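Okay, structure first, notes after.
Residue numbers (the working numbering): 70 to 209.
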């Protein structure tokens, strides 16, 4: 009789712990996907200004670009390892290298508009879309 009670308790605790792991994974995955949506929105809604390095870009947008890069890195780091490594014929999230490169590209676009480099930002906007697999331009 006592062994069946022990099995019941162990099973109940195991189900509870597994459920919490799944919930935490789903919550962090949703938060990460929301950040990707915010980056896409930022780049699409300001595309004309961001594509033209001579435009008078507000400091607020430059700050938003840098903040988006930082938030992207942070939210990726908060993902559990099993979400980062899970493959179901495709990756659920970009690799750590792709995240790092995309964050660098966002910071580079901010630097271009700060006047620190003479590059054209359009290529970098498109590269972010490829790295993160999100829409960043209105072209096909």
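All residues carry an ideal CB built from backbone N, CA and C; glycine is no exception.
This one's a predicted model, so the numbers in the text were calculated from it and none came from an experiment.
Indicate the three-state DSSP secondary structure (helix, strand or coil) for residue 123 in the structure shown.
-> coil
Which parts of the region 77-121 are runs of the alpha helix (DSSP H), unbroken and 4 residues or longer, counting only runs that do not cross its ends?
-> 116-120
Go through its chain and collect everything with a Cβ distance to residue 165's Cβ below 8 Å, but skip five positions before and after it.
-> 145 and 153
Would DSSP call residue 142 helix, strand or coil?
-> helix
Spatial neighbours of residue 195 within its chain, please: CB distance less than 7 Å, with the 5 preceding and 5 following residues excluded, ordered by chain position.
-> 205 and 206
Can you round the beta-carbon distance between residue 171 and residue 131 to whole angstroms, since I take them to be within the 8 Å contact cut?
-> So it is not a contact: roughly 17 Å between Cβ atoms.
Within its chain, find whatever has a CB closer than 7 Å to the CB of residue 106; leave out the 5 residues flanking it on each side and keep chain order.
-> none
Can you tell me which of 148, 175, 201 and 185 puts its alpha carbon nearest to the alpha carbon of residue 191?
-> 175
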